[in-house]
Each structure stands twice: as C-alpha cells, then as structure tokens.
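Taken in order, the sequence shown gives residues 1224 to 1560; the numbers are from my numbering. Ideal Cβ positions, reconstructed from N, Cα and C, are used throughout, including at glycine. So the structure is just underneath, and the comments pick up after that.
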Amino acid sequence: MSWYILEIVFLCILLFLSGFFSGSETALIKMGQVRVKSMQKRGVKGANIVQKLVSEPEVMLTTVLIGNNIVNIAASALATSIAIRFFGDLGVGIAIGIMTFFILIFGEIIPKTFAVHHSERFSIAVSKPLKVLIFVLRPVVKLLLLMPYTFGKLLGLKVQQRRLLSEEEVKTVLDIGAEDGAIDDEEKKMMTGVLKLDHITVKNVMTPKKAIACIGANQSIDSVVKLIKKQGYSRIPVYEGRADNIVGILYSKDLLINSSLAKPTPSPLKKLMKPAHFVRETARVDDLLKEFREGKFHIAIVVDKEGRTKGLVSLEDLLEVIVGSIYDEHDMRRPEG
C-alpha cells in the first residue's frame, strides 16, 4: 500500500511539473521584451533572469516543450501502470480518460489562466528553475533547433530569425495601453503620429506655392514691415526676378531688430535674409525632421525633381503630424489657397 501512495505522490508531482511548464510558456510569451524592460527599470528582483529567458525565445520554448512532454508522458505511463493493476485491461482506457482530464485541468487550463493574469509574478517565480534547466538541456536544445532550419532549407523555405518589435506590435501595445487606461487617447494619438512619420512625404504636409506669401528681394523695407504687422508672419520667403526663384528667408525678428538698417541701399533685404534650405517633395517627414534638428533651421522650400518651387514646409507642419493641428492668433488671417 505504501508503494501505491508513493506512486500517487509522484503522479501529483508530475502533474505539478506539467502545470509549471505550461504556465511558464504562457507567462514568458505574454511578458515580451517591452514589459521585461519595464521590470528592469523598476528594479524588480529577478527581472534580469527573465530578460535572459525572453531574449532567447526559441531556446526557452524548446526547453519548456521538452520538459512538458517528458512529464506528461511519464504521468500517463505511471497512471496506466497503476490503473492496470486495479482494473486489468480496462485500466488503459480508464487511465487515458482520467489523465486527459487531469492534464487538461491541472496541467493546462489552471496554470495558463493564472499565468495570463499574473504573468510578471509567474515569470519571476519560474525564472531560476528554468535557467538551470536551460543550462542542462542547452546541447540537446541547440541540436533540436537545427532541425527546423535544416528542413526549411531542404524545402526552400526561409526560417525567420528572431526580430525586433514590429510597428504593428507597437500599435497593438498602444491600443492595449489606451484600453487599460495606462495612457490617454491624446497620448496614444501622439505616439501613433510618431509612427506615421516615416510613411508620410513632405508633399503631404507642405503649404502649396499658391498659398505662400512671398516678397521680392528689391521690395522696400517699409512695405515688408507693413505686411508683417498686418499678417503676423514670422518668416517670409524672398524671391528674385520671378516668384519661383526663392533666394532666401526673411525672419521678421531680424527685420525689426535691424530696422535701423532701413536706409536706401541697392537691395537691403538681402542683407537681412537667411539662406533658404531646399527639400525634395518626395522626402520623408522623419528625414526632414532630422535635418531641421541637425541644421537648426525651422523652414524649408519644397521643390520637385526639376528644382521648381512647389511649396513651403515648416517645423510646425511636421509637428502637426504628431500632435494634430496647431493654431495661433494669426492663423485666421493667413491667406487660403
């Protein structure tokens, strides 16, 4: 009788291990790199071990699957042996039915449900035992991992290596964060806007040429001052000869600060204006934002591949992709296209 008790105890241990492996798989997959990094920043004890496990998903999953299959097979074999002694040939069917139920409930549903709702706690709890098991089984795991790559090559299939978080996954994280209240809708909108930067070209955000107010290089300073006071412009493109030939950008602050220079000279505006920066209409918004930051300028003239002026783009236009429309007290008086 004592032998039967030991077998039952051992069977319970095997069922516990089945739940351990199943829950470990669910918890670690649910964690992902983003949440683990958050744990590390918060100084959670055991987070570094969890990070090592998550950073090698193929090794971790293979180890868990090996362990889970071993304990499930062992549990089924032991249960069958016990059942045959009690019920004879009928014991096989009885053992299969009982073990299917117990493995499903205690080895799958309960541990995985707990792991889903408490993935952080579960991951930390299982991290040290899994770390040891991975160390022991690593040679076998590495050998097994060669198989999918080998068969993939034989079949002409490309087996993808582990990749970084994709843009779609980041968007999913933002959606979940907004639903859970971790971030508000405005923050989600801004973060989503940042993700769109590399998909939008300058042509999509620029102010078209017909809506731009320009001044001639030989125009009198008095007339320009009146225009600035009336329209509230802070930067105005300067052209020479024809309106399509932009030669610089006049900053209203420079004009006002240096108003004393308003004396009869051949072309006074040229002494006050800054060089114009030009950008192709096909350039990506994120690349232009980088140019603005590195070049320390906030406005550029948009040209086509032939160098013809198509419009104007400012830092404000780029920021509106992220934060939405930005209005100031002069927007209502700006000319419409």
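Quick one: give me the first and last residue of the alpha helix (DSSP H) that GLY1242 is part of. Here residue 1242 corresponds to residue number 19 of the sequence shown, with the count starting at 1. Residue range 1225-1264 is occupied by the alpha helix (DSSP H) that includes GLY1242.
Beta-ladder partner(s) of LYS1497, from DSSP: As a first step, residue 1497 is located in the sequence shown; it is residue number 274 there, counting from the start. The secondary-structure analysis by DSSP pairs LYS1497 across a beta bridge with ILE1472.
Let me confirm a value: THR1373 is counted as buried when at least 16 other C-beta atoms fall within 10 Å, else exposed. Which label applies? One-based indexing of the sequence shown puts residue 1373 at position 150. Under this definition THR1373 is an exposed residue.
Given ILE1545 as reference, the closest of LYS1411, GLU1230, LEU1327, VAL1257 once Cα atoms are compared: Residue numbering aside, residue 1545 sits at position 322 when the sequence shown is read from its first letter. Checking every option, the nearest Cα to that of ILE1545 belongs to LYS1411.
In whole angstroms, what is the alpha-carbon distance linking LEU1234 and ALA1302? For the purposes of this step, residue 1234 is identified with residue 11 of the sequence shown, where counting begins at 1. For the purposes of this step, residue 1302 is identified with residue 79 of the sequence shown, where counting begins at 1. In this structure, the straight-line span from the alpha carbon of LEU1234 to that of ALA1302 is close to 7 Å.
Relative to the alpha-carbon of ARG1516, which residue among LEU1542, THR1286, THR1532, ARG1458 has its alpha-carbon at the smallest distance? On the sequence shown, residue 1516 is found 293 positions in, with the first residue counted as 1. Among LEU1542, THR1286, THR1532, ARG1458, the Cα nearest to that of ARG1516 is on LEU1542.
Looking only at its chain, what residues have a beta carbon closer than 7 Å to the beta carbon of ASN1291, apart from the 5 residues adjacent to it on each side? Reading the sequence shown from its first residue, position 68 is the one you call residue 1291. Around ASN1291: SER1241, PHE1244, SER1245.
Determine the direct distance from the alpha carbon of VAL1393 to that of VAL1417, and round the result to whole angstroms. Within the sequence shown, the letter at position 194 stands for residue 1417. Within the sequence shown, the letter at position 170 stands for residue 1393. In this structure, the alpha-carbon of VAL1417 lies about 11 Å from that of VAL1393.
Start-to-end residues for the beta strand (DSSP E) that takes in ALA1523: If you number the sequence shown from 1, residue 1523 lands on position 300. Residue range 1522-1526 is occupied by the beta strand (DSSP E) that includes ALA1523.
Taking buried to mean at least 16 other C-beta atoms within 10 Å of its own C-beta, is THR1488 buried or exposed? Counting from 1 along the sequence shown, the entry for residue 1488 is found at position 265. Because THR1488 sits at a pLDDT of 47, beneath the cut-off of 50, its placement in the model cannot be relied upon, and the following sentence gives the value as read from the coordinates. Label assigned to THR1488: exposed.
Helix, strand or coil at ARG1458 according to DSSP, with G and I counted as helix: Within the sequence shown, the letter at position 235 stands for residue 1458. In this structure, DSSP gives ARG1458 an extended state, which the three-state scheme calls strand.
Can a CB atom of chain D be found closer than 9 Å to the CB of ALA1506? The structure shown contains no chain D; it holds only a single protein chain.
In whole angstroms, give me the CA-to-CA distance for ARG1361 and ASP1527. Stepping through the sequence shown from its first residue, residue 1361 is reached at position 138. Stepping through the sequence shown from its first residue, residue 1527 is reached at position 304. Looking at the two C-alpha atoms, the distance is approximately 58 Å.
Since ILE1438 sits in a beta bridge, which residues does DSSP pair it with? The residue labelled residue 1438 in the question sits at position 215 within the sequence shown. Beta-bridge pairing links ILE1438 to VAL1461.
Segment limits, alpha helix (DSSP H) that includes LEU1378: As a position in the sequence shown, residue 1378 is number 155, starting the count at 1. Taken as a continuous stretch (DSSP letters only), LEU1378 belongs to no alpha helix (DSSP H), as it is neither H nor E.
Please list the terminal residues of the continuous beta strand (DSSP E) segment that includes GLU1533. Along the sequence shown, one-based indexing puts residue 1533 at 310. The residue you asked about is not Glu; residue 1533 is Lys in the sequence shown. That run of the beta strand (DSSP E) goes 1532-1537.
Under 8 Å, with one C-beta from each stretch per pair, do the stretch 1491-1509 and the stretch 1396-1404 reach the 3-pair mark? Contact fails: fewer than three Cβ-Cβ distances are below 8 Å.
Does the beta-carbon distance from GLY1534 to THR1430 come in below 9 Å? In the sequence shown, residue 1534 corresponds to position 311, counting from 1. In the sequence shown, residue 1430 corresponds to position 207, counting from 1. Taking 9 Å as the Cβ cut-off, GLY1534 and THR1430 qualify as a contacting pair.
Roughly how many angstroms lie between the CA atoms of THR1249 and VAL1359, to the nearest whole one? The count along the sequence shown starts at 1 and reaches residue 1249 at position 26. The count along the sequence shown starts at 1 and reaches residue 1359 at position 136. Taken atom to atom, the span from the alpha-carbon of THR1249 to that of VAL1359 is near 22 Å.
Would you report the Cα separation of LEU1313 and ALA1270, rounded to the nearest angstrom? For the purposes of this step, residue 1313 is taken as residue 90 along the sequence shown, with counting starting at 1. For the purposes of this step, residue 1270 is taken as residue 47 along the sequence shown, with counting starting at 1. Their backbone Cα atoms lie some 49 Å apart in a straight line.
Are the stretch 1343-1358 and the stretch 1275-1288 touching, with three or more C-beta to C-beta distances below 8 Å? With a cut-off of 8 Å, the stretch 1275-1288 and the stretch 1343-1358 count as touching, because enough Cβ pairs lie within range.
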